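S.K.:
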Amino acid sequence: MPRIELHAVDYLILSVYFLFVLGIGFALKRYMKTGADFFLSARSIPAWIAGLAFISANLGAQEVIGMSASGAKYGIMTSHFYWVGAIPAMAFVGIFMMPFYYGSKARSVPEYLKMRYDEKTRGFNAISFAVMTVFSSGISMYALAKLFEILLGWNFHLSVLISAVIVLAYISLGGLTSAIYNEVLQFFLIVLGFLPLVLLGLRDVGGWHELTRKLSEVAVGNGFAPGTMTQSWAHTGSAASNPMGVEWFGVVFGLGFVLSFGYWCTDFLVVQRAMAANSMSAARRTPLIAAIPKMLFPFLLILPGLIAISMHYQTKGAFLPMEHGQPNYNMAMPVMLGHYYPAGMLGLGLTALMASFMSGMAGNVTAFNTVWTYDIYQSYIRPGQSDKHYLAVGHITTVVGILLSIACAYAATQFNNILDFLQLVFAFVNAPLFATFMLGMFWRRSTGHGAFWGLLSGTAAAAIHHGLTLPVGAVTGIHGGWLGPIVHQYPSDMAQNFWTAIFAWTVCFTATIVISLATTRKKTDEELKGLVYALTPKIKDSDVPWHKQPAMLGLIVIAGAVILNVIFW
Amino acid sequence: MKLDIRMPMGLMFVVLGLILIVYGVMTSSDSEMYKHSLNTNINLLWGLVLFFIGAFMVVLARRAMRAPEAK
Numbered sequence: 008m009p010r011i012e013l014h015a016v017d018y019l020i021l022s023v024y025f026l027f028v029l030g031i032g033f034a035l036k037r038y039m040k041t042g043a044d045f046f047l048s049a050r051s052i053p054a055w056i057a058g059l060a061f062i063s064a065n066l067g068a069q070e071v072i073g074m075s076a077s078g079a080k081y082g083i084m085t086s087h088f089y090w091v092g093a094i095p096a097m098a099f100v101g102i103f104m105m106p107f108y109y110g111s112k113a114r115s116v117p118e119y120l121k122m123r124y125d126e127k128t129r130g131f132n133a134i135s136f137a138v139m140t141v142f143s144s145g146i147s148m149y150a151l152a153k154l155f156e157i158l159l160g161w162n163f164h165l166s167v168l169i170s171a172v173i174v175l176a177y178i179s180l181g182g183l184t185s186a187i188y189n190e191v192l193q194f195f196l197i198v199l200g201f202l203p204l205v206l207l208g209l210r211d212v213g214g215w216h217e218l219t220r221k222l223s224e225v226a227v228g229n230g231f232a233p234g235t236m237t238q239s240w241a242h243t244g245s246a247a248s249n250p251m252g253v254e255w256f257g258v259v260f261g262l263g264f265v266l267s268f269g270y271w272c273t274d275f276l277v278v279q280r281a282m283a284a285n286s287m288s289a290a291r292r293t294p295l296i297a298a299i300p301k302m303l304f305p306f307l308l309i310l311p312g313l314i315a316i317s318m319h320y321q322t323k324g325a326f327l328p329m330e331h332g333q334p335n336y337n338m339a340m341p342v343m344l345g346h347y348y349p350a351g352m353l354g355l356g357l358t359a360l361m362a363s364f365m366s367g368m369a370g371n372v373t374a375f376n377t378v379w380t381y382d383i384y385q386s387y388i389r390p391g392q393s394d395k396h397y398l399a400v401g402h403i404t405t406v407v408g409i410l411l412s413i414a415c416a417y418a419a420t421q422f423n424n425i426l427d428f429l430q431l432v433f434a435f436v437n438a439p440l441f442a443t444f445m446l447g448m449f450w451r452r453s454t455g456h457g458a459f460w461g462l463l464s465g466t467a468a469a470a471i472h473h474g475l476t477l478p479v480g481a482v483t484g485i486h487g488g489w490l491g492p493i494v495h496q497y498p499s500d501m502a503q504n505f506w507t508a509i510f511a512w513t514v515c516f517t518a519t520i521v522i523s524l525a526t527t528r529k530k531t532d533e534e535l536k537g538l539v540y541a542l543t544p545k546i547k548d549s550d551v552p553w554h555k556q557p558a559m560l561g562l563i564v565i566a567g568a569v570i571l572n573v574i575f576w
Numbered sequence: 050m051k052l053d054i055r056m057p058m059g060l061m062f063v064v065l066g067l068i069l070i071v072y073g074v075m076t077s078s079d080s081e082m083y084k085h086s087l088n089t090n091i092n093l094l095w096g097l098v099l100f101f102i103g104a105f106m107v108v109l110a111r112r113a114m115r116a117p118e119a120k
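So the sequence lines, in the order shown, correspond to chains L and S. According to this note's numbering, the stretch in the first sequence is residues 8 to 576, in order. According to this note's numbering, the stretch in the second sequence is residues 50 to 120, in order.
1) Provide the residue span of the beta strand (DSSP E) that contains His495(L), from first to last.
2) Please say whether His319(L) and Leu313(L) have beta carbons closer to each other than 8 Å?
3) Using 8 Å as the Cβ pair cut-off and three pairs as the minimum, do the stretch 451-465 of chain L and the stretch 109-129 of chain L touch?
4) Can you tell me whether Asn504(L) is buried or exposed? The criterion is at least 16 other CB atoms within 10 Å of its CB, across all chains shown.
5) Applying a beta-carbon distance threshold of less than 8 Å, which residues of chain S neighbour Gly30(L)?
6) Quick check: the stretch 52-71 of chain L against the stretch 516-527 of chain L, are there 3 or more CB pairs under 8 Å?
7) Using three-state DSSP, classify Glu330(L) as helix, strand or coil.
8) Would you give the residue range spanned by the alpha helix (DSSP H) that Leu477(L) belongs to?
9) Are the stretch 111-127 of chain L and the stretch 348-361 of chain L touching, with three or more C-beta to C-beta distances below 8 Å?
10) Closer than 8 Å, Cβ to Cβ, to anything on chain S: give me those residues from the stretch 335-363 of chain L, in chain order.
11) Can you find the residues in the same chain that come closer than 6 Å, C-beta to C-beta, to Gln392(L), ignoring five residues on each side of it along the sequence?
12) Determine the burial state of Leu477(L): buried for a count of at least 16 other Cβ atoms within 10 Å of its Cβ, exposed for fewer.
13) For Gln69(L), report the span of its alpha helix (DSSP H) as first-last.
14) Of the choices Met105(L), Gly257(L), Trp55(L), Asp44(L), whose alpha-carbon is the least far from that of Gly537(L)?
15) Candidates Gly457(L), Pro311(L), Thr273(L): which alpha carbon is nearest Ala99(L)'s?
16) By the three-class DSSP mapping on this structure, what secondary structure does Gly200(L) have?
17) Taking only the alpha-carbon atoms, compute the straight-line gap between Arg115(S) and Ala64(L) and give it to the nearest angstrom.
18) Is it buried or exposed, Ala119(S), if we count other Cβ atoms within 10 angstroms and call 16 or more buried?
19) So, are the CB atoms of Thr488(L) and Leu262(L) less than 8 Å apart?
20) Could you tell me whether the Cβ of Asn88(S) comes closer than 8 Å to any Cβ of chain L?
21) Whose Cβ in chain S lies nearer than 8 Å to the Cβ of Ala34(L)?
22) For Ile471(L), which beta-bridge partners are listed by DSSP?
23) Taking Cβ-Cβ distances below 7 Å as the criterion, which residues of the stretch 195-209 of chain L are in contact with chain S?
24) Listed from N- to C-terminal order along the chain, which residues in the stretch 105-138 of chain L have their beta-carbon within a distance smaller than 8 Å of any beta-carbon of chain C?
25) Check the C-beta distance from Ile173(L) over to Met365(L) and give it rounded, since I have them as a contact under 8 Å.
26) What does Ala579(L) pair with, by DSSP beta-bridge criteria?
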């Protein structure tokens, strides 16, 4: 593919961004006195900042590159990740789960699990989470360096080094607060950097109606009904009739319920942002405030993918680079940037891209810090030390976390399958975890043994399901089927993923109930106060204005998501 | 709050806006370059947008600083 040439002005823009990112770190340095400052932002972050950081931490490389790629490949059905996936889960975590997370004064998600269940459940979650964050951060770094190598001809090692040093510097200086502040900055940069791209692209293809017409030709060319690229639900009656290869039940239950709730409600990477909020009310509003821009992201991230694929067909395959006879969908966003942006704006667009990779990395590193220091080091290695000691450990952990991420970035260059593998691990670990949390928060009878063995059997069920099934056209191995006999063939990877999650969740849910009933409860009602729904005094919101009431905000975002689903039905 | 994030963020967008405005004016006669962006001087246009958004953030931050603890 053609290289993108950068001019002096583009480098200038990139350096201004770096300067401000580091400047924020330096400005925050003098406030980092205790462990609580460094790991928890001293619970002092206002709701709107926590809210923007909440989505920005998730807005990493995988999201920006992945969602535009998926838009180019599958069309508007990609919006299910937002309007069925993220939004309802974010409303749920804000209204129902935050009172326990924030109210329990737990410093991390694993610590909540310890308070609610027992030590082994916490240990299991802390270790699997720590491993996943290091891998995610490493992969973000790898993706950035790889992309900039292909696109700009930058040296791979240099890109890894620069991004690592900058993230290391601003987290070491300002801890979680620095990560959160920079995530807010990155959020605005990403929106303002990509928005003109969408506007120019839409104008170029002749507006939404013209785009719909062109995409119907693309859809027909691929052997689907004309509307499959621009209608999100109309073709989900059977998995064979849409390019994503999923049917409505898999979307609603697998993606909407298990995977999304599993991610947004239990992943400490995002939950940590809400836990840093300055009050219970702010913590509850954090995911709800986040849901509003999140709802509009499809227009920012999926639309460029749609425009790219229509351009690709219009130019008879001369737009996106080809790979194995297929368009390389991952290049949709970068190619669009190079196509529509002149020098100057190009610098801004690439800075936005860089920002998204960095926010993904920093989010993982700060979450890793807290979980390692509090849930592993303080709990199992050296308990009972002074706050100063743990703060020092946190500083060392930042360095170690980044070094491990670099190692993972290089591991990713050796194995092309590492990305698929990580996706898989996420599905194995996160999907059953949501069942553990649901039962923990809403059923006081669930026990520590039930939670731990339920989690293990859920993860095992995911592995077994994955080992016995295979998507059509895939080879046995990382894509499944490694247990020998193929019991079922799925029309796509996506469908297999959704069903893996459904199996994992169902098995964990059932096993936790059965084992809990068979074991004795160790925690009294008094100990579970503030951790379980029925034993926690309800929060009264009636005396605050409506725009600060979580339930009201929740209703608004759910209504918004419903409307968007209907418009693009 | 100790440091109002709107201040550094606003300043950054003001600076980025100014860079794009100056660059947009400097290159305004280069029609070849702006063929990319459908013959719009997107640098100048978006530079102005960034500048005003940044300035707005700075104004908000300054107002919050002047009225401390006033709730």
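Cβ atoms here follow ideal geometry from the backbone N, Cα and C, with glycine treated the same way. Please read these numbers as outputs of a predicted model, since none were measured by experiment.
M.R.: From the atom records:
1) 495-497
2) Contact check for Leu313(L) against His319(L) fails: the beta carbons are separated by 8 Å or more.
3) yes
4) Buried.
5) Per Cβ cutoff of 8 Å: Pro57.
6) no
7) strand
8) Not the alpha helix (DSSP H): Leu477(L) falls in the beta strand (DSSP E), residues 476-478.
9) no
10) His346, Tyr347, Tyr348, Pro349, Ala350, Gly351, Met352, Leu355
11) Correct list: empty, nothing qualifies.
12) Counting the other CB atoms within 10 Å of its CB gives Leu477(L) a total of 16 or more, which places it among the buried residues.
13) 68-81
14) Met105(L)
15) Per the sequence shown, the amino acid found at residue 99(L) is Phe instead of Ala. Measuring from the Cα of Phe99(L), the nearest candidate turns out to be Thr273(L).
16) helix
17) 31 Å
18) Unreliable placement is indicated for Ala119(S), whose pLDDT of 46 sits below 50; the coordinate value is still reported in the next sentence. Exposed: under 16 other Cβ atoms inside 10 Å.
19) With the sequence shown as reference, residue 488(L) is identified as Gly, and Thr is not the correct amino acid for it. Taking 8 Å as the Cβ cut-off, Gly488(L) and Leu262(L) do not qualify as a contacting pair.
20) Not one chain L Cβ lies under 8 Å of Asn88(S).
21) Leu52, Pro57
22) Paired residues: none, contrary to the question.
23) For the stretch 195-209 of chain L, which is checked against every Cβ of chain S, the residues closer than 7 Å are Phe195, Leu199, Pro203, Leu207.
24) This model lacks chain C altogether, as its protein chains are L and S.
25) 7 Å
26) Outside the shown range of chain L, which is 8 to 576, sits residue 579(L), and nothing can be said about it.
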